[in-house]
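Working notes, structure below.
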Amino acid sequence: MHLVLFAVFTIGLFLIATEAFNRLNKAAVAMFTGVCCWMLYIAYGTDFVSQQHGAEYLAFLQQGTIQHTALTIKAFIAEHVFLRYAAEMAGIVLFLLATTTIVEVLAANGCFDFAQEWLRTRKPKKLLWKLAALAFLLSANLDNLVTVVLLITIVHPLLQTDRLRRIYCTVIVLAANCGGAITAIGDITTLRLWNAGLIVPTAFFATLCLPTLVALGVMLLLLRRGLPHRIEFAQTRLPYRGDDTVLNRPQRLLMLLVGVGGLWFIPTFHRITLLPPFVGALCVLGLLWIVDELCNRQLLGSDRMTNRRLPLALQYANLQQLLFFVGLTLMFGALVETGLPSQVLSWGVEGFDNPYVVALLSTLGSAFVGAIPTVVGNAAICSSPCLPAWSELEAFAPGGNFWPMLSYGAAMGGSLLSTGTVAGLLLMRMEEVSFGWYLRHITPKVAVGFVAGALVWAVQLLCF
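Residue 29 is where the sequence shown starts when you use the working numbering, and the numbers rise one by one after that.
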């Protein structure tokens, strides 16, 4: 039965990895495959539970003097096995819903118009660095996918030619992937590691910041060669916002500080209270909502309610990412509970005798399978209650060096191909960037940047 479940899992993962070619939405495939895996797990639950949760199941039977039946096995799986994955999914989904809503409230009030004003320059190389810096900072504090949607929406109408749009929008994706990899709230992958207790946000950031910046800098130096000498913008002024919001610049700046400052405070909130991260996100959302209503009191109290500029692409893309994550958690959860991934990864660690080789292989895997499946899979295996012997290695312990290396590898590996991250797939849809164009013009530069960042990582380990 292990092989049947693994075969279903593999088919689903293959369809997810080849979404750009088979045209099947990866979120739909992940959800359907995840449910199928759990149905197979429950159908042969006696074998799996006895292997992975034998002592817990005996205690469950003794608590209520229950007889061992097929119904009892299903009840144990629902209450003691599946519930852990459901709680994990719920926490991350609530966190992302809260942070996405924060960004939408800020966008609806024109708080990101400051970014569009700051980006306007006729110098292509200067725009390249400014855009990369903005994407890097925003993705580290907001969210990887949110940043990509937001900045592409801002940049697209500014540029006249398709070639410039492809280059600069690709820069947004690369910088957002790098920025999202260095903080606990910057990407769904790092959020998954933080939620599982595998990373400490401050130490994680300190470890990854310099290698990631070096990798991004090298990629930008290579990309700047093909830029023209001057940029002709498609429009000369910002769109009129008189019908969208009644907020003046100080009020918009206040809301921006409350929103972004609140997101910065979430890791501190978690460290002080030990409550799940989504509680802090909901607190920030509530505060921003109150400030929003106070600032817009004149508008809300009038007899006309204007239509706000809501980024529908942002809603759609993030909803897909949430459903994709839910499906992946179901898929990997069912597979992990069979014990097969732990055995395979244990063989890999023992065979190579180096956890960093495993991280390198995960980097290559994230290029083809995707960054999210790679990190979710590793985290699911290593946070399972039935841990293998190699999990006692210092590198794999919570806060160990394996997890920052995995995050760096997933971000850079996912950037090697346009299909490696959700942001890359979004780039293909929004800007019609082809797989072949990305492979020819961007992949070699990402590979060089990855090597440069890895060398800085190695020097950093030797010195500190």
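Ideal Cβ positions, reconstructed from N, Cα and C, are used throughout, including at glycine.
In this text, all values refer to a predicted model and were calculated from it rather than measured experimentally.
Identify, in the order they occur along the chain, each residue of the same chain with its Cβ nearer than 8 Å to the Cβ of residue 294, setting aside the five sequence neighbours on each side. 213, 305, 308, 309, 312.
Just to check my reading of the structure: residue 255 and residue 153 have Cβ atoms closer than 8 Å, yes? What is that Cβ distance to the nearest angstrom? The pair is a contact, with the Cβ atoms about 6 Å apart (cut-off 8 Å).
Selection from 36, 474, 194, 282 that minimises the alpha carbon distance to residue 59: Comparing C-alpha distances from residue 59 to each of 36, 474, 194, 282 shows the shortest one belongs to 36.
When DSSP labels each residue in this structure, what does residue 139 get in the three-state scheme? In this structure, residue 139 counts as coil in the three-state DSSP scheme.
List the endpoints of the continuous alpha helix (DSSP H) containing residue 318. Looking at the DSSP string, the run of the alpha helix (DSSP H) that includes residue 318 is 305-323.
Determine the burial state of residue 299: buried for a count of at least 16 other Cβ atoms within 10 Å of its Cβ, exposed for fewer. That one is exposed.
Hey, would you say residue 401 sits closer than 7 Å to residue 356, going by beta carbons? Yes, the Cβ-Cβ distance between residue 401 and residue 356 is below 7 Å.
Got a sec? Which residues, its chain only, sit under 7 Å from residue 232 by beta carbon, not counting five neighbours each side? Correct list, in chain order: 212, 432.
Where the alpha helix (DSSP H) through residue 75 begins and ends: Counting along the chain, the unbroken alpha helix (DSSP H) around residue 75 starts and ends at 73-80.
Where does residue 318 land, buried or exposed, given buried means 16+ other C-beta within 10 angstroms? Residue 318 is exposed by the Cβ-count criterion.
Leaving aside the five residues before and after residue 384 along the sequence, list all residues of the same chain whose C-beta is less than 7 Å from its C-beta, in chain order. Taking C-beta separations shorter than 7 Å and ignoring five residues to either side along the sequence, the partners of residue 384 in its chain run 433, following chain order.
Just to confirm, are residue 138 and residue 280 a CB contact at a threshold of 7 Å? Less than 7 Å divides the Cβ of residue 138 from the Cβ of residue 280.
Measure the alpha-carbon distance for residue 52 versus residue 161 and round it to whole angstroms. Distance between the alpha carbons of residue 52 and residue 161 is about 34 Å.
Which same chain residues end up closer than 8 Å to residue 48 when comparing Cβ atoms and leaving out the 5 residues on each side of it in sequence? Counting only residues of its own chain and dropping the five nearest sequence neighbours on each side, residue 48 has a CB closer than 8 Å to the CB of 446, 447, 453, 456, 463.
Delimiting residues of the alpha helix (DSSP H) encompassing residue 277: Note, residue 277: alpha helix (DSSP H), 277-301.
What did DSSP end up calling residue 270 once you bin it into helix, strand or coil? Reliability fails at residue 270, whose pLDDT of 46 lies under 50, so the model's placement of it is uncertain and the value that follows must be treated cautiously. In the displayed model, residue 270 falls within coil according to three-state DSSP, outside both helix and strand.
Comparing the C-beta of residue 395 with each C-beta of chain D, is any distance below 7 Å? Checking the listed chains, one finds no chain D in this structure; it contains a single protein chain.
With a 10 Å radius around its C-beta and 16 neighbouring C-beta atoms as the bar for buried, classify residue 247 as buried or exposed. Classification for residue 247: buried.
Residue 268, buried or exposed, once every other Cβ within 10 Å from all chains shown has been counted against 16: Below a pLDDT of 50, predicted positions are generally treated as unreliable, and residue 268, at 46, falls in that range; no measurement from the model is reported.
Cβ-based burial, residue 314 [other Cβ within 10 Å; buried from 16]: With fewer than 16 Cβ atoms within 10 Å of its Cβ, residue 314 is classed as exposed.
6 Å Cβ shell around residue 71 - same chain, five flanking residues per side excluded: Annotation for residue 71: no residue places its beta carbon closer than 6 Å to its own, counting only its chain and skipping 5 residues before and after.
Boundaries of the alpha helix (DSSP H) in which residue 223 is found, first to last residue: Boundaries of the alpha helix (DSSP H) harbouring residue 223: 216-223, taken from the DSSP string.
Rounding to the nearest angstrom, what Cα-Cα distance links residue 337 and residue 181 in this structure? With a pLDDT of 43 at residue 337, under the threshold of 50, the predicted position of this residue should be treated as unreliable, and no value is reported.
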